[in-house]
Structure formats: structure tokens, C-alpha cells
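Worksheet for the structure shown next.
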Amino acid sequence: MRILYIYQFFATPEASLGLTRSYEFARALVDAGHEVTVLTSASNLPEEYQSQFFATGEIDGIEVRSIRVGYSNYMGHLRRIASFAAFMLASVWAALRVPKPDVVFASSTPITVALPGLAVARWKRVPFVFEVQDLWPEAAIQMGAIKRTGPIAVLAKKLERAAYRQACAVVPVSPGMAEGVVAEGTRPSKIHMIPNFSDLALFHPGEKDAGLVERLGLGDRFVVGYTGAIGPSNAVHEQVPEAARELKARGRDDIVFVIAGDGKSLPALTELTEGLDNVLLLGRIPKVDVPALTRTADALMALFGDKPILATNSPNKFFDALASGRPVIVNQPGWTRELVEENVAGVYVPVGDGIALADAIETLADDPARTAAMGRAARELAEERFGRDLQAERIVAVLEGAARG
């Protein structure tokens, strides 16, 4: 089977905190004996893909066709929209020049990747499968990127509905997103919910990384970790500084935040934590270095801003934390809260409430036995329900089924 996989942000594990779902799924398809062509931007790819506007190469058995379209977490809303539009237009041209596939698999976000997917599926008369990693345009509207009644939102909504209607299968990554797809009139029988996954080999419980402990001067302090994007939707800057100041005021010098990541809100976080010796900001680190930090942490955070749409998220950092066997602190009232509370694998604190976050961390630090039990429950949950291989098998089955008609 030949698969055309369209995703703007394809990244390998070597990329800095990149989303590697597309890489892992492409590898699984290759391992299952299929030919995979990934059409992506060059933003997360090695230097050899940056020298020309259209480039072609191979990564671990995956044919990669890239388009040199810039993107950064520091971009404002208009520049991001321009990046999405540029990739959309260029990828329509590129997709139509790929040898005829047996199935087209387009993965959002953004919703604009649906257009090249629909174009090549219709032109070459092949099945179309659409993956939903964000509910666009609703996510963009709630985050203030576009106006609900503006022309961009209207066009994006039409494209969203066209993608759901013409896809033979829709793959949302969370129950909340599945509900959003159904709300747009999609038949439930077309929906195959496949969440983000836990890499059980890369992330695992273990002793703290001695080198990292020494380099950061952590000593025997209780470490609260965060890895991932630091932007308006994550809102780390809205909750961690208040929690850190509160813990400092309580005299809890035995607790320290270690935060790795980059994004538009990092300057604000840096300013708000200036002078606090219980917050260490590491900046961007490669994905392959993240497990050392998650093992060194005693608890891990998966934080987001105060927008209803964010409760539908399926955050990679959450599944990495589960695999690492550490309690997860979540602040969204959606399915991640249900998972940690029903499985006693972490704690929930209200979004934006730094005092509640400080209270939860202090409770975990003062009860090592309970914290350790939560960590074991987190790992069990990852193994039983969210292993990478299990999710990869499911996407292979969906695409093979689509190709068979």
C-alpha cells in the first residue's frame, strides 16, 4: 500500500521537543510493509531540507518531501496564518505530483492541510482519511487568532466540514475532539479515536539522572518538571510564578520547578520568575534529552490556559509523564482530569490558580509514599491503554481499511 501523509509539522525525535506522532506512525506503516511519502514543511527537518523550496529525501525508510515554509512559536497570529496558507498552497502543487497513492492521510492542525488532502484524493480518486489534532477553527477562535464571524473563520469552517464529510474515516485524538466532530454532523461510525501515545521505551521510571541533578544543583529537593511549549495556550507563565512565590513564602526551599521549553510566552515567564531561585528555566532541549528530566522530576505538570477548547487536548507531555511513572498535575477539567483522578495517577488543580498548584505540590512533597503510588499507577495506565505500539497498530488498521474500501 502507498500512503501520502500530509502534516505541516513532521518531526523526528531529534527535533527540539517536536511532536513525533507523525514520525512514529509513519515508521509503523513502513514496518508494516507500506510505502509512505510524508509531505511537510522544512521547519523541523535537518539542514539539508532547508537549502531549496522543494526538497526530497529519506528518513528511516520514510520518503520525505518538504516545502520551505517558516514557522515559529514566537510568531504572531497573522504570521502563523500566513505560514499555514503558504504551506497549503504549495502543498497542493506538490501533492498532485506525488505518484498515485492508495490512500491520502492528512493531519491537522492546522485545518488548512485538509485542502491538499482533499484535492489529491479527488483528483486521483483515492480514499481520504483526516486526523484531528485540534478542533479548528474553534481552537483558533477561542485563542483569539481569528474572529468568529470573520472571513477566515467562515472559510475554515467550510473546509472543516468538507474534510469530515468527504473523509472515509476521521481520527480525533481525544474524546472531546470526537464529540466536536460528531457535533458537526459526522457519522459516529466514521470516527476512530486514537489518542497521543506514551513511548514506553524512551520514557520510563528510574533513578534520577545524576548528571542532571549535579549540573542543575538540585540536591535532594522535590523537583516539579514541565517539558513542552511555553505559549499562550499553555499558560505556564500564568500559574507557575504565583505557585513558586507562594512556596517560597512558606519557606519550602526543598521544592524546585524545572521547566524545559520555548515559545511566545517564555519572555513573560522569565520576567515573572526573575529572582526566584526555585524556578529553573532550561530553554529548548532535544526530545531525546527529555526523558532524563522526566525521570529526575518527582512530579510533572501538564498545564493549559483558561479556554474551554483546551479541555479537549491530548497533550504529549501528559503521556510522557505517564510513561515516566510520575504523578501528573493537570489543570483542565476534561478527560486528562478524569484519567488522573479515576486511576489515582496524579492531581487536578483549577486553571490559573497558583495557590492551588502550590498546595498540590506541597501535599505531594510531604507524602512520598502516596506520590510513589501515583507514579506506579501512572505507568500502569500508560502500559495498559496508551502505549505507542498499540496506537500505531490502530492507525495502520484504519489506513489499511480505508485503502480496501
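According to numbering that gives the first Met the number 0, the sequence shown is numbered sequentially starting from 0. We put the CB at the ideal spot given by N, CA and C, even for glycine.
Worksheet item: Would residue 297 be called buried (16 or more neighbouring beta carbons within 10 Å of its own) or exposed?
Response: Within the sequence shown, residue 297 is the residue found at index 298, counting from 1. Counting of Cβ neighbours within 10 angstroms places residue 297 among the buried residues, the total reaching 16 or more.
Item to complete: Could you please give the first and the last residue of the uninterrupted alpha helix (DSSP H) stretch that includes residue 211?
Response: Numbered from 1 along the sequence shown, position 212 holds the residue referred to as residue 211. Run containing residue 211: 209-215, per the alpha helix (DSSP H) assignment.
Worksheet item: Beta carbon of residue 83, beta carbon of residue 66: below 8 Å?
Response: What you label residue 83 is simply residue 84 of the sequence shown in a count that begins at 1. What you label residue 66 is simply residue 67 of the sequence shown in a count that begins at 1. Cβ atoms of residue 83 and residue 66: not closer than 8 Å.
Worksheet item: Per the contact definition of three or more C-beta pairs closer than 8 Å, is the region 158-169 in contact with the region 250-268?
Response: A contact is defined here as three or more CB-CB pairs under 8 Å, and the region 250-268 fails this definition with respect to the region 158-169.
Worksheet item: Count the other CB atoms within 10 Å of the CB of residue 273; is the residue buried (16 or more) or exposed (fewer)?
Response: Here residue 273 is taken as the residue at index 274 of the sequence shown, counted from 1. Exposed is the label assigned to residue 273, since fewer than 16 other Cβ atoms lie within 10 Å of its Cβ.
Worksheet item: Taking just the CA atoms, how far does residue 100 sit from residue 0?
Response: Here residue 0 refers to the residue found at position 1 when the sequence shown is read from its first residue. Here residue 100 refers to the residue found at position 101 when the sequence shown is read from its first residue. Rounded to whole angstroms, residue 0 and residue 100 show a C-alpha spacing of 8 Å.
Worksheet entry | Closest residue to residue 210 among 118, 331, 382 and 288 (Cα-Cα distance) | Reading the sequence shown from its first residue, position 211 is the one you call residue 210. Ranking the options by Cα distance to residue 210, first place goes to 288.
Worksheet entry | DSSP-derived helix/strand/coil call for residue 2 | Taking the sequence shown and counting its residues from 1, one reaches residue 2 at position 3. Residue state for residue 2 is assigned as strand, using DSSP reduced to three classes.
Item to complete: From the DSSP output, in three-state form, read off residue 108 for me.
Response: For the purposes of this step, residue 108 is identified with residue 109 of the sequence shown, where counting begins at 1. Assignment of residue 108 by DSSP, reduced to helix, strand and coil, places it in the coil class.
Discussion item. I need the boundaries of the alpha helix (DSSP H) containing residue 82, first residue and last residue.
Written reply: Here the question's residue 82 lines up with position 83 in the sequence shown. Boundaries of the alpha helix (DSSP H) harbouring residue 82: 76-94, taken from the DSSP string.
Worksheet item: How many angstroms separate the CA atom of residue 398 from the CA atom of residue 252?
Response: Working through the sequence shown from its first residue, we reach residue 398 at position 399. Working through the sequence shown from its first residue, we reach residue 252 at position 253. Just so you know, the alpha carbons of residue 398 and residue 252 end up roughly 52 Å apart.
Discussion item. Let me confirm a value: residue 334 is counted as buried when at least 16 other C-beta atoms fall within 10 Å, else exposed. Which label applies?
Written reply: Taking the sequence shown and counting its residues from 1, the one referred to as residue 334 is at position 335. Per the 10 Å Cβ criterion, buried.
Fill in: Reduced DSSP secondary structure (H/G/I, E/B, other) of residue 11
What you label residue 11 is simply residue 12 of the sequence shown in a count that begins at 1. Residue 11 falls in the coil class under three-state DSSP.
Worksheet entry | Segment contact, 8 Å Cβ cut-off, at least three pairs: the region 201-208 with the region 294-311 | Cβ pair count under 8 Å is three or more, so yes.
Item to complete: Run through the region 107-170 for me and flag every whole alpha helix (DSSP H) of 4 or more residues, listed as ranges in chain order.
Response: The qualifying runs are 113-122, 137-141 and 150-165.
Fill in: Cβ-Cβ distance between residue 113 and residue 162 below 8 Å
As a first step, residue 113 is located in the sequence shown; it is residue number 114 there, counting from the start. As a first step, residue 162 is located in the sequence shown; it is residue number 163 there, counting from the start. Their beta carbons are under 8 Å apart, which means residue 113 touches residue 162 by this criterion.
Fill in: One or two residues paired with residue 20 in a DSSP bridge
Residue 20 sits at position 21 when you count from the first residue of the sequence shown. Residue pairing from DSSP leaves residue 20 without any beta-bridge partner.
Worksheet entry | Residue range of the beta strand (DSSP E) that includes residue 57 | Mapped onto the sequence shown, residue 57 falls at position 58. For residue 57, the enclosing beta strand (DSSP E) has its first and last residue at 53-58.
Discussion item. Using beta carbons (cut-off 8 Å, strictly below), is residue 89 in contact with chain E?
Written reply: In summary, chain E is missing from the structure at hand, where a single protein chain is found.
Discussion item. Here's a check: name, in chain order, each residue in its chain whose Cβ is nearer than 7 Å to the Cβ of residue 405, leaving out the five neighbours to either side.
Written reply: Any question about residue 405 goes unanswered here, given that the chain covers just 0 to 404.
Worksheet item: My guess is that residue 28 and residue 2 are in contact by the Cβ rule of under 8 Å, so how many angstroms apart are they, rounded?
Response: Your numbering for residue 28 matches position 29 in the sequence shown. Your numbering for residue 2 matches position 3 in the sequence shown. The pair is a contact, with the Cβ atoms about 6 Å apart (cut-off 8 Å).
Worksheet item: Looking at the unbroken alpha helix (DSSP H) that takes in residue 273, where does it start and where does it end?
Response: In the sequence shown, residue 273 corresponds to position 274, counting from 1. Careful: residue 273 lies outside any alpha helix (DSSP H) and carries neither H nor E.
Worksheet entry | With 16 other Cβ atoms within 10 Å as the buried cut-off, status of residue 16 | Position 17 of the sequence shown, counted from the start, is the residue given in the question as residue 16. Because residue 16 sits at a pLDDT of 49, beneath the cut-off of 50, its placement in the model cannot be relied upon, and the following sentence gives the value as read from the coordinates. Flag for residue 16 reads buried.
Discussion item. Taking 8 Å as the limit between beta carbons, can you name the residues of its chain near residue 269, skipping five residues before and five after?
Written reply: For this step, residue 269 is matched to residue 270 along the sequence shown. Non-local C-beta neighbours of residue 269 in its own chain, meaning closer than 8 Å and more than five positions away in sequence, comprise 280, ordered along the chain.
Practice prompt. Check each candidate in 109, 96 and 103 and name the one with the smallest Cα separation from residue 85.
Written response: Your numbering for residue 85 matches position 86 in the sequence shown. For the residues 109, 96 and 103, the minimum Cα distance to residue 85 belongs to 109.
Discussion item. I'd like the list of long-range same chain contacts for residue 24, defined as Cβ closer than 7 Å, with 5 residues on each side in sequence excluded.
Written reply: Taking the sequence shown and counting its residues from 1, one reaches residue 24 at position 25. Annotation for residue 24: 391 and 394 place their beta carbon closer than 7 Å to its own, counting only its chain and skipping 5 residues before and after.
Discussion item. If contacts are defined as beta-carbon pairs under 8 Å, then residue 93 and residue 64 qualify, I think. What distance do you get, rounded to the angstrom?
Written reply: Taking the first residue of the sequence shown as 1, we reach residue 93 at position 94. Taking the first residue of the sequence shown as 1, we reach residue 64 at position 65. Indeed, because the Cβ distance is near 6 Å, the residues count as touching under 8 Å.
Worksheet item: So what does DSSP say about residue 34, is it helix, strand or coil?
Response: Numbered from its first residue, the sequence shown carries residue 34 at position 35. The answer is strand: DSSP assigns residue 34 an E or B state.
Worksheet item: Rounded to a whole number of angstroms, what is the C-alpha to C-alpha distance between residue 388 and residue 9?
Response: Indexing the sequence shown from 1 puts residue 388 at position 389. Indexing the sequence shown from 1 puts residue 9 at position 10. Whole-angstrom Cα-Cα distance: 19 Å.
Worksheet item: Less than 8 Å separating the beta-carbons of residue 62 and residue 37?
Response: Looking up residue 62 in the sequence shown gives position 63. Looking up residue 37 in the sequence shown gives position 38. Yes, the pair counts as a contact, with Cβ atoms nearer than the cut-off.
Discussion item. Pop quiz: residue 119 and residue 103 are said to be a contact at Cβ under 8 Å. What is the actual Cβ separation, rounded to whole angstroms?
Written reply: Here residue 119 refers to the residue found at position 120 of the sequence shown. Here residue 103 refers to the residue found at position 104 of the sequence shown. Rounded, the Cβ-Cβ distance is 6 Å, consistent with contact.
Discussion item. Would you call the region 153-160 in contact with the region 319-337, where contact means no fewer than 3 C-beta pairs closer than 8 Å?
Written reply: Cβ pair count under 8 Å is below three, so no.
Worksheet entry | Run of the alpha helix (DSSP H) containing residue 311, from where it starts to where it stops | Residue mapping note: residue 311 aligns to position 312 of the sequence shown, counting from 1. DSSP places residue 311 in no alpha helix (DSSP H); its state is neither H nor E.
Worksheet entry | Three-state class that DSSP yields for residue 62 in the structure shown | On the sequence shown, position 63 is the one that residue 62 refers to. Residue 62: strand per DSSP, three-state reduction.
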